[in-house]
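Student: Sharing a structure with you now.
Number of protein chains: 2
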Amino acid sequence: MTRDQVYNFAAGPSVLPESALKTAQAELLNFRGSGMSVMEISHRSALFQEVFDSAQAKLRRLMNVPDTHEILLLQGGATTQFAAIPMNLIEGGCADYAVTGNFSAKAAEEAEKYGSVHIACSTADTGHDRIPTQAELRFSPEAKYFYYCANNTVYGTEWQYTPSAPSALVSDMSSDILSREVDVSKFGLIYAGAQKNMSPAGLTVVIVDKALAGRELPCTPKILSYKTMIETGSLLNTPPCWCIYMLDLTLDWVEKQGGVKAMDELRHARADRIYDFLDGSRLFTARALPGSRSYMNITFRTPSAELDAEFVKEAASRGLVNLKGHKVTGGLRASLYNAMPVEGAQALLDFMKEFEAKHHG
Amino acid sequence: MTRDQVYNFAAGPSVLPESALKTAQAELLNFRGSGMSVMEISHRSALFQEVFDSAQAKLRRLMNVPDTHEILLLQGGATTQFAAIPMNLIEGGCADYAVTGNFSAKAAEEAEKYGSVHIACSTADTGHDRIPTQAELRFSPEAKYFYYCANNTVYGTEWQYTPSAPSALVSDMSSDILSREVDVSKFGLIYAGAQKNMSPAGLTVVIVDKALAGRELPCTPKILSYKTMIETGSLLNTPPCWCIYMLDLTLDWVEKQGGVKAMDELRHARADRIYDFLDGSRLFTARALPGSRSYMNITFRTPSAELDAEFVKEAASRGLVNLKGHKVTGGLRASLYNAMPVEGAQALLDFMKEFEAKHHG
């Protein structure tokens, strides 16, 4: 297939802005007249530092990150942060975790190695089909931080509000970063694996309140110390240069679209009609409850696993690819990250209507 | 400058095979007819697994890795392995470290967090200008492993032999992996940050004897557990897909050149004449002692820092770039990794001769 014929609904790694890919392609062998690829230049060179600074500055502008917070560009993915967060912040004490899905459960499990985990709430009893209200959250008075995952990729739920907590607010925003406005000053730490909304896999963005740095447990590897990474400008060792370059190009696209406000409008333009259709459908059912639904990952299903499989197969033949649900939930899932064009969501909706007309007995 | 006009002597990230870059460029927007970039496809897709398996299989063939050893493709760089190695192997006990340069010193320092470090030898007293002999190595009878850095990028020295040790042999081969034949079966663990000889920055190759897995300290993050990474085929979380793809393309080039045997011939073809010239030079001095010299990083200098700076500047104006020595040593450094063409080394040698003729009073 050609690129024009495909809409990629993968949960991550996932679609990137075409303009970013085209720029990367054009200058792949010779970056800015250096005679070298951006993949070949030293991370300590002025040329690379320019890329790094540009990406960092764009992120600061786009998310309105205050000076109290540092933006780190790291390796390791969310799974690394599952350990790094307690290693840096728990101080051998206790932390509150909201368990609303697959990745928050994993984060809580990993934190148990480094301190005492208090479950502030869990939605496991109803298959993680919703997000708890503020009133449902139960905080431990000794907690050093409260951890939640802003969007649950597997289950298709998303926090529609920023929770209040008596301790530092820590959030995994891998799935919905830059898709809507967030008041960063309220957070002790925000992090995101970049492979859903910002760059290819291999980069993790951590935005951390500098006042929280310097509390590492003695067993914390130097590479996982926020303090060290703040002090070295994320350059303790060689960073994932290509991903940082792609981040810069992607953020350029976000700015040109109109920034986070434009991304916020886009997420509505993509998802609202699909949810409306699902709620009135005679064939499909939305998995997540109204009020808790994700704009980034729509989880749904037909009445049978066989029909789900047929949907995935037929959609793919028309260039609507990667619509199979996560193995934990089964069913179907359409991931609509920032770089997914509205036309892609519309093409999916058109196909869903057609499939419904054909299969509703 | 154009690509034809530049030879890049950077110590890493550094030159990549042009054929690999050209393939990456050609298929950047549409990978193997998928209509997607390789940066956009799921790491759980059959299409990506093909890339992963291909890279891993090539590495196994090229290095003749026995079935007893697993090849892991990870994130985090050497600095992450400085912690991961003791966290997985030291078992709260002791380990022997050979300190022959910058990175082995850092590795030993990090290991002290997790156990007791015994310095098997140090060449610090002579500014790390040489590699110790086997007879100079002093092992601790309780050590769980012996760690050494095969090539010291900063100082320009390289182990010309594989040391014998009473415990598991662990080696950082970031700088000289694939440049010469190594009997992998002798090693408990080999690792390499891939950004010098194998791929862009953001990938770390770890080759580990499976019999050593499963001895992690309780504080070891899941992401740093060799056992977990062996069990998940390096896919506990999203791997650095683009780097793995570039690794596959680079290894393809290595195979087409004739494999590690051809790389071994190339390193001699690049470095031998330069060292010969340095030993007879009336202007330049080689830093490392004969018998300990690196084929990958040639460290040298003129009689003054001013003349060193002039050399760097004039070389750059002719497209011979990144010849400044590391800040720790000063002087000059030419890194000649696997993808550096012999013509690049020859161009450098020609310029050195010309510079000598001009400046030798």
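Sequences listed follow chains A and B, in order. Numbering (this note's numbering) for the first sequence: 1 to 361. Numbering (this note's numbering) for the second sequence: 362 to 722. Ideal Cβ placement from N, Cα and C applies to all residues, glycine included.
Report the neighbours of MET36 of chain A on chain B: residues whose CB is nearer than 7 Å to its CB, in chain order.
Tutor: Residue 36 of chain A sits at position 36 when you count from the first residue of the first sequence. Residues of chain B passing the Cβ test: VAL367 and ASN369.
Student: Expressed to the nearest angstrom, what Euclidean distance is found between the alpha-carbon atoms of LEU644 of chain B and LEU450 of chain B?
Tutor: Start at 1 with the first residue of the second sequence, and residue 644 of chain B comes out as number 283. Start at 1 with the first residue of the second sequence, and residue 450 of chain B comes out as number 89. Cα to Cα, LEU644 of chain B sits roughly 47 Å from LEU450 of chain B.
Student: Count the CB pairs spanning the region 317-337 of chain A and the region 290-309 of chain A that are closer than 8 Å, and state whether there are at least three.
Tutor: The region 317-337 of chain A is in contact with the region 290-309 of chain A.
Student: In the DSSP output, which residue or residues are listed as bridge partners for ASN512 of chain B?
Tutor: Residue mapping note: residue 512 of chain B aligns to position 151 of the second sequence, counting from 1. B:GLU519.
Student: Hey, CYS455 of chain B and CYS219 of chain A: beta-carbon distance below 8 Å or not?
Tutor: Locating residue 455 of chain B in the second sequence gives position 94, where the first residue counts as 1. Locating residue 219 of chain A in the first sequence gives position 219, where the first residue counts as 1. No. Outside cutoff.
Student: With a threshold of 6 Å on Cβ separation, who are the neighbours of ALA381 of chain B within its own chain once the five nearest residues in sequence on each side are excluded?
Tutor: In the second sequence, the residue the question calls residue 381 of chain B occupies position 20. Closer than 6 Å at the Cβ level, and outside the excluded window around ALA381 of chain B, lie LEU610, THR611 and TRP614.
Student: For THR68 of chain A, count neighbouring C-beta atoms within 10 Å of its own C-beta (all shown protein chains included) and say buried if the count is 16 or more, exposed if not.
Tutor: Numbered from its first residue, the first sequence carries residue 68 of chain A at position 68. With fewer than 16 Cβ atoms within 10 Å of its Cβ, THR68 of chain A is classed as exposed.
Student: Run down chain A in chain order and give the residues with a C-beta less than 8 Å from the C-beta of CYS604 of chain B.
Tutor: Reading the second sequence from its first residue, position 243 is the one you call residue 604 of chain B. Ordered by position in chain A, the residues that pass the 8 Å Cβ test against CYS604 of chain B are GLY202, PRO240 and TRP242.
Student: I'd like to know whether the C-beta atoms of GLY686 of chain B and THR660 of chain B end up nearer to each other than 8 Å.
Tutor: Residue mapping note: residue 686 of chain B aligns to position 325 of the second sequence, counting from 1. Residue mapping note: residue 660 of chain B aligns to position 299 of the second sequence, counting from 1. Going by C-beta atoms, GLY686 of chain B is nearer than 8 Å to THR660 of chain B.
Student: Should GLN25 of chain A be flagged as near chain B, meaning a C-beta pair shorter than 8 Å?
Tutor: Numbered from 1 along the first sequence, position 25 holds the residue referred to as residue 25 of chain A. Chain B contact via Cβ: present.
Student: Could you work out which residue in A:PHE9, A:ASN8 and A:VAL51 is closest to ALA24 of chain A when comparing CA atoms only?
Tutor: In the first sequence, residue 24 of chain A corresponds to position 24, counting from 1. Comparing Cα positions, the closest option is A:VAL51.
Student: Between ASP96 of chain A and the rest of its own chain, which residues show a CB-CB distance below 6 Å, the 5 nearest in sequence each way excluded?
Tutor: Counting from one through the first sequence, the residue named residue 96 of chain A turns up at place 96. HIS118, ALA120, PHE139, SER140, ALA143 and PHE146.
Student: Report the option in A:VAL99, A:LYS186 and A:GLU181 whose CA atom is closest to the CA atom of GLU265 of chain A.
Tutor: In the first sequence, residue 265 of chain A corresponds to position 265, counting from 1. Residue A:GLU181 is the option with its Cα nearest to GLU265 of chain A.
Student: List the residues that DSSP assigns as beta-bridge partners of MET300 of chain A.
Tutor: Counting from 1 along the first sequence, the entry for residue 300 of chain A is found at position 300. The residue you asked about is not Met; residue 300 of chain A is Phe in the sequence shown. The partner list for PHE300 of chain A (beta bridge, DSSP) reads A:ALA286 and A:LEU332.
Student: Does DSSP put CYS604 of chain B in a helix, in a strand, or in coil?
Tutor: By one-based count along the second sequence, residue 604 of chain B stands at place 243. The answer is helix: DSSP assigns CYS604 of chain B an H, G or I state.
Student: Got a sec, what are the start and stop residues for the beta strand (DSSP E) THR429 of chain B sits in?
Tutor: For the purposes of this step, residue 429 of chain B is taken as residue 68 along the second sequence, with counting starting at 1. Taken as a continuous stretch (DSSP letters only), THR429 of chain B belongs to no beta strand (DSSP E), as it is neither H nor E.
Student: Between the Cα of ASP570 of chain B and the Cα atoms of B:GLU379, B:THR363 and B:SER528, which residue gives the shortest distance?
Tutor: Here residue 570 of chain B refers to the residue found at position 209 when the second sequence is read from its first residue. Taking only the C-alpha atoms, the option nearest ASP570 of chain B is B:SER528.
Student: One question on the structure: do ALA194 of chain A and SER171 of chain A come within less than 8 Å of each other, judged by their Cβ atoms?
Tutor: By 1-based counting over the first sequence, the position of residue 194 of chain A is 194. By 1-based counting over the first sequence, the position of residue 171 of chain A is 171. In this structure, SER171 of chain A does not lie closer than 8 Å to ALA194 of chain A by Cβ.
Student: What is the rounded straight-line gap between the Cα of ALA623 of chain B and the Cα of LEU423 of chain B?
Tutor: One-based indexing of the second sequence puts residue 623 of chain B at position 262. One-based indexing of the second sequence puts residue 423 of chain B at position 62. For ALA623 of chain B and LEU423 of chain B, the distance between alpha carbons rounds to 11 Å.
Student: Name the DSSP beta bridge partners of ILE480 of chain B, please?
Tutor: Translated into positions along the second sequence, residue 480 of chain B becomes position 119. Looking at the DSSP assignment, ILE480 of chain B forms a beta bridge with B:TYR458.
Student: Let me check one thing: in DSSP terms, what residues is THR23 of chain A bridge-paired to?
Tutor: By one-based count along the first sequence, residue 23 of chain A stands at place 23. According to DSSP, which records beta bridges pairwise, THR23 of chain A is partnered with nothing at all.
Student: Please tell me whether PRO166 of chain A has its Cβ less than 8 Å away from any Cβ of chain B.
Tutor: As a first step, residue 166 of chain A must be located in the first sequence, where it is residue number 166. Not closer than 8 Å to any Cβ of chain B, the Cβ of PRO166 of chain A fails to qualify, so no.
Student: Is the Cβ-Cβ distance between CYS243 of chain A and LEU203 of chain A less than 8 Å?
Tutor: Here residue 243 of chain A is taken as the residue at index 243 of the first sequence, counted from 1. Here residue 203 of chain A is taken as the residue at index 203 of the first sequence, counted from 1. Yes; because the gap between Cβ atoms is below 8 Å, this pair is in contact.
Student: Tell me, please, which residues DSSP counts as bridged to VAL682 of chain B.
Tutor: Stepping through the second sequence from its first residue, residue 682 of chain B is reached at position 321. Per DSSP, B:ASN369.
Student: Which of the three DSSP states, helix, strand or coil, is assigned to ALA339 of chain A?
Tutor: Counting from 1 along the first sequence, the entry for residue 339 of chain A is found at position 339. In the structure shown, ALA339 of chain A sits in coil (DSSP, three-state: anything other than H, G, I, E or B).
Student: Take GLU91 of chain A and list the residues in its own chain whose beta-carbon comes closer than 8 Å to its own, dropping the five residues that flank it on each side.
Tutor: Here residue 91 of chain A refers to the residue found at position 91 of the first sequence. Contacts found: GLY115, LYS144, ARG215 and LEU217.
Student: Where SER595 of chain B and LEU433 of chain B are concerned, what is the direct C-alpha to C-alpha distance, given to the nearest angstrom?
Tutor: For the purposes of this step, residue 595 of chain B is taken as residue 234 along the second sequence, with counting starting at 1. For the purposes of this step, residue 433 of chain B is taken as residue 72 along the second sequence, with counting starting at 1. Whole-angstrom Cα-Cα distance: 6 Å.
Student: Buried or exposed for ASN237 of chain A, going by 16 or more other Cβ atoms inside 10 Å?
Tutor: The count along the first sequence starts at 1 and reaches residue 237 of chain A at position 237. With 16 or more Cβ atoms within 10 Å of its Cβ, ASN237 of chain A is classed as buried.
Student: Among B:ALA459, B:GLN442 and B:VAL673, which residue has its Cα nearest to the Cα of TYR587 of chain B?
Tutor: Reading the second sequence from its first residue, position 226 is the one you call residue 587 of chain B. Looking at the Cα atoms, B:GLN442 is the closest of the given residues.
Student: Taking a cut of 7 Å between CB atoms, which residues from the region 82-103 of chain A lie near chain B?
Tutor: Correct list: ALA83.
Student: In this structure, does DSSP put ASP325 of chain B in helix, strand or coil?
Tutor: Lying before the first or after the last residue shown, residue 325 of chain B is absent from chain B, which here runs from 362 to 722.
Student: Classify ASN683 of chain B as buried or exposed, calling it buried when 16 or more other Cβ atoms lie within 10 Å of its own Cβ.
Tutor: Position 322 of the second sequence, counted from the start, is the residue given in the question as residue 683 of chain B. Buried.
Student: Roughly how many angstroms lie between the CA atoms of MET39 of chain A and PHE31 of chain A, to the nearest whole one?
Tutor: The residue given as residue 39 of chain A occupies position 39 in the first sequence. The residue given as residue 31 of chain A occupies position 31 in the first sequence. When rounded, the distance between both Cα atoms is 9 Å.
Student: State the Cα-Cα distance for the pair ILE274 of chain A and ARG60 of chain A, rounded to the nearest angstrom.
Tutor: Start at 1 with the first residue of the first sequence, and residue 274 of chain A comes out as number 274. Start at 1 with the first residue of the first sequence, and residue 60 of chain A comes out as number 60. Each residue's Cα considered, the two are about 32 Å apart.
Student: Can you find the residues in the same chain that come closer than 7 Å, C-beta to C-beta, to HIS128 of chain A, ignoring five residues on each side of it along the sequence?
Tutor: Position 128 of the first sequence, counting from 1, holds the residue named residue 128 of chain A. Answer for HIS128 of chain A: THR100, GLY101, ASN152, TYR155 and THR157, listed in chain order.
Student: The beta strand (DSSP E) spanning GLY259 of chain A covers which residue range?
Tutor: Translated into positions along the first sequence, residue 259 of chain A becomes position 259. Segment 259-280 is the alpha helix (DSSP H) holding GLY259 of chain A; no beta strand (DSSP E) there.
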